[in-house]
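Numbering (our numbering), first residue to last: 3 to 309. For every residue, glycine included, the Cβ atom is placed at its ideal position computed from N, Cα and C. Model, not experiment: these values are computed from the prediction. The structure appears right after this line, and notes come after that.
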Ligand SMILES: [Fe+2]
């Protein structure tokens with residue numbers, strides 16, 4: 003049986019290009035029950051585990067803070083997610099845990115089987131285990147994304163890829179890694195957003211680079227975040243990259259071309275050349291670790307973190 007249970011020819015055709023909702027049955031699998039998640043947290047490389055907390059105001063993206071899981075067991079970490087206000091991000095779970103490598107293969111095989119001509123690479127299956135009412139601030143991602151709800155409920159706002167939500171300049175800054183992926187948000191923009199209620203068994207995917215933000219319902223949330231590239235998606239990222247270089251080096255005012263026309267191919271060469279020459283220095287902001295977790299009181303943030 004296919005992973006997505008409601009493929010239609012129309013959805014297959016629009017996949018990767020439009021915002022779409024799908025149904026799936028992954029939430030019925032026992033690997034995502036408490037026991038399965040605790041074992042996953044034990045197996046996943048601890049130094050790669052993203053532990054975050056955040057404030058309550060959706061505009062206050064600078065309240066996003068990084069923590070350390072220390073040597074809490076998987077059971078204790080899951081307890082911390084249930085009782086605290088944390089966001090656990092297990093990026094590239096498919097590279098570290100065989101069961102999740104198999105799951106990623108299954109999901110991508112399903113996509114490629116149903117979408118004519120689809121080819122995917124840079125495949126990243128991330129697990130998100132997050133507390134009641136936690137949020138992810140307004141941001142965008144360079145690759146294509148799909149978000150699969152497994153447990154709990156969350157609301158996702160997806161904004162147009164256009165001014166004022168995100169202009170070409172802001173997009174270039176993110177692709178050139180001059181700035182963090184999270185950026186200024188005006189609550190007025192919610193009026194122009196597509197609002198999606200995610201419950202177990204639902205998946206949402208959106209246009210490449212669409213800004214989005216997430217608010218959890220009042221319960222533990224478990225979701226799968228799938229990021230991937232396709233040839234057109236990688237082309238678009240390179241065109242944006244080249245535009246950024248041309249704007250900075252030549253004072254040009256370039257536009258984004260979709261597809262593989264001569265202008266886009268020329269920009270691909272510009273992007274490759276600029277990367278090879280190291281013309282753009284990324285300014286990746288590494289968040290400092292500012293809190294830890296305590297095995298005896300798992301939901302409590304300990305500041306400063308214990309060594
Ligand atoms: Fe995202």
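At a Cβ-Cβ threshold of 8 Å, residue 228 and residue 150 count as neighbours. In the DSSP annotation of this structure, the continuous segment of the alpha helix (DSSP H) that includes residue 116 starts and ends at 100 to 116. Your pair residue 301 and residue 85 checks out as a contact, with CB atoms roughly 3 Å apart and the cut at 8 Å. Taking all protein chains in view, the Cβ of residue 273 is crowded by 16 or more other Cβ atoms within 10 Å, so the residue is classified as buried.
Each residue's CA atom was taken as its position, placing residue 25 and residue 250 some 44 Å apart. For residue 206, same chain residues with a beta-carbon under 8 Å away, outside a window of 5 residues either side, are 21, 22, 23, 24, 148, 149, 158, 160, 198, 200 in chain order.
Per DSSP, the unbroken alpha helix (DSSP H) holding residue 44 starts and ends at 36 to 45. Taken in chain order, the complete beta strand (DSSP E) segments of 3 or more residues contained in the stretch 210 to 280 are 214 to 218, 223 to 231.
Look at the beta carbons and you see the stretch 65 to 77 not touching the stretch 102 to 120: under three pairs across the two are nearer than 8 Å. Across the set 59, 40, 3, 27, the C-alpha of 59 shows the shortest separation from the C-alpha of residue 216. Exclusion of the five residues before and after residue 221 leaves 134, 154 as the residues of its chain whose Cβ lies within less than 6 Å of its Cβ. Set against 7 Å, the gap from the CB of residue 163 to the closest heavy atom of ligand 1 is not smaller. In this structure residue 90 is in contact with residue 52, their Cβ atoms being roughly 7 Å apart against a cut-off of 8 Å. Taking a C-beta distance under 8 Å as the contact criterion, residue 146 and residue 94 do not qualify as a contact pair. Proximity of the beta carbon of residue 143 to ligand 1 is indicated: a heavy atom of the ligand is located closer than 7 Å. If you check the CB distance, residue 176 and residue 144 come in under 8 Å.
Spatial neighbours of residue 65 in its own chain (CB-CB distance under 6 Å, excluding positions within 5 residues in sequence) are listed in chain order as 56, 57. A distance below 7 Å between beta-carbons, with the five flanking residues on each side excluded, links residue 32 to the following residues of its chain, in chain order: 38. Looking at the backbone, the Cα of residue 61 and that of residue 3 are separated by about 42 Å.
Here residue 174 really is in contact with residue 245; their C-beta atoms are around 6 Å apart, less than 8 Å. Residue 101 has its alpha-carbon roughly 16 Å from the corresponding atom of residue 36. In the three-state reduction of the DSSP assignment, residue 76 falls in the helix class, which pools H, G and I.
Taking 8 Å as the cut-off, the beta carbon of residue 130 is found closer than this to the beta carbon of residue 225.
Only residues of its own chain outside the window of five on either side were considered, and among them 151, 152, 153, 202, 203 have a CB closer than 8 Å to the CB of residue 29, listed in chain order.
Given a length threshold of 4 residues, the stretch 133 to 167 has no whole run of the alpha helix (DSSP H) inside it.
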